[in-house]
Ligand SMILES: Nc1ncnc2c1ncn2[C@@H]1O[C@H](COP(=O)(O)OP(=O)(O)OP(=O)(O)O)[C@@H](O)[C@H]1O
Ligand SMILES: [Mg+2]
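Numbering (our numbering), first residue to last: 341 to 765.
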């Protein structure tokens, strides 16, 4: 990949994902701005007080700074079309247009897209009325997964253990309106079994540059128990994704997806996050598409990366990637430190100690922290910090991350002690 001079980059978002992106861009020698960012990100970038929902403000900021590249972190502004606005204003953007981001914004549309293009995925049915939804549940051999079609901040999916649980989930969406318009259409989906893998594909719409396969841990409790969260940890690479599986994924999923979007006049530029289920025979199925980096997976992926990513993003944003490739990286892992009570009701504003200490090959990515007037660190959210480490082996990365976790304290701090264990056995 060609080398490039120092670029000015604007990143939109305020969590651990955006901190990892900012750290990476700065590490590659670029000038980094983030809006709205957080106090932890301020250690790696210039922070601007513009909300992700303020598309006018984002466009104005990007123009005022005269940035060379804008990277949009979260899904909401992507689905709402902030990239279309930025492109219209003459800016270079790494991120999909609203039309391409629909693959995340509407699960019903994504399933129909996969059906049109022969992409392997679970059998499904879309319903929009309560009575139809309840009746349709019975056409599946076992209770299907129930999904609010629209964006629901990671809370719109139920994997039921009984028909009663599936019915309750359908009622929440189509009866009680719990997710508003996002739940007014529901996708019912055959339950798949196997191992989940997160695959990130950087693309200009045609070529695919992949990162290492990653796995995250969504449940709050050890042994994958308790409610779903934004993610309690992640690691890469995922051993289940071997060379044979990779070949099948690229041929049967990534290529037809990119080609399908091109054929429909909405080429995808940015990072396509393919959530995969690999069954016991090694066959891959798409669980979902997202139109952005996943957090915390992005943390170990970017921290362990052995090749520059900014040139890939620049080329992709210009529709000018030269070839498909996979970027090399070291094994790496993130352990999330979360507040007491997360993901339900959490306490914030608690002092954090141990942040100033530095350990080699360990990096903290801030999600929910802030500094008070005296510069002391306080918790400010459910997920507080991603403690990320890299090494020559995954085992080494995990032990480095856990060692660093032991020196960070705040009241009620919770973490999972089993991040990555499946990959070690
Ligand atoms: N068909 C399925 N079979 C088995 N498990 C599933 C299925 N669909 C979803 N799941 C489980 O539910 C989780 C969430 O589903 P999905 O990824 O579609 O929702 P999401 O809310 O968009 O997630 P994210 O916040 O990661 O984007 C998956 O990671 C998987 O563990
Ligand atoms: Mg999703």
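Glycine included, C-beta positions come from ideal geometry on N, C-alpha and C.
According to the DSSP assignment, residue 479 belongs to no alpha helix (DSSP H), since it is labelled neither H nor E. Residue 703 has its alpha-carbon roughly 9 Å from the corresponding atom of residue 730. The continuous stretches of alpha helix (DSSP H) do not include residue 538, which lies in the beta strand (DSSP E) extending over residues 535 to 543.
In terms of side-chain proximity, the C-beta atom of residue 628 is found nearer than 7 Å to a non-hydrogen atom of ligand 1.
Looking at 715, 718, 707, 694, the one whose alpha-carbon comes closest to that of residue 724 is 707.
Taking the Cα positions, residue 691 is about 11 Å away from residue 748. In this structure, ligand 2 has a non-hydrogen atom nearer than 7 Å to the beta-carbon of residue 444.
Remark: the shortest separation between the CB of residue 762 and any heavy atom of ligand 1 does not fall under 7 Å. Burial check for residue 567: the Cβ neighbour count within 10 Å stays below 16, so the residue is exposed. Its chain contains 672, 703, 728, 730 as the residues whose beta carbon lies nearer than 6 Å to that of residue 643, once the 5 sequence neighbours on both sides are disregarded; these appear in chain order.
CA-CA distance, residue 520 to residue 411, rounds to 29 Å.
Membership of residue 625 in the beta strand (DSSP E) is indicated by the continuous run 624 to 630. Distances between the C-beta of residue 634 and the heavy atoms of ligand 1 include at least one below 7 Å. Ligand 1 approaches residue 487 closely enough that one of its heavy atoms is under 7 Å from the residue's Cβ. Within the same chain, 679, 722 come within 6 Å of residue 686 by CB-CB distance, once the 5 residues on both sides are set aside.
Taking one beta carbon from each stretch, the region 602 to 611 and the region 625 to 639 have 3 or more pairs nearer than 8 Å; the two touch. Comparing C-alpha distances from residue 456 to each of 371, 593, 419, 391 shows the shortest one belongs to 593. For residue 570, the closest C-alpha among the options 601, 344, 407, 676 is that of 676.
Between residue 660 and residue 651, the alpha-carbon positions lie close to 11 Å from each other. Comparing C-alpha distances from residue 408 to each of 360, 560, 392, 347 shows the shortest one belongs to 347.
Distance from the Cα of residue 538 is smallest, within the candidate group 379, 576, 738, for 576. Residue environment for residue 698: exposed (fewer than 16 other C-beta atoms within 10 angstroms of its C-beta). Taking 8 Å as the upper bound for CB-CB distance, residue 510 and residue 474 are in contact here, some 6 Å apart.
Not one heavy atom of ligand 1 falls within 7 Å of the beta-carbon of residue 412. Here the alpha carbon of residue 531 sits roughly 21 Å from the alpha carbon of residue 445.
Put simply, of 441, 617, 372, 376 the residue whose alpha carbon is nearest the alpha carbon of residue 418 is 441. Nearest in C-alpha terms to residue 689, of all of 709, 681, 736, is 709.
Residue 387 sits away from residue 371, with the two beta carbons spaced by 8 Å or more.
CA-to-CA, the gap between residue 694 and residue 716 works out to about 11 Å.
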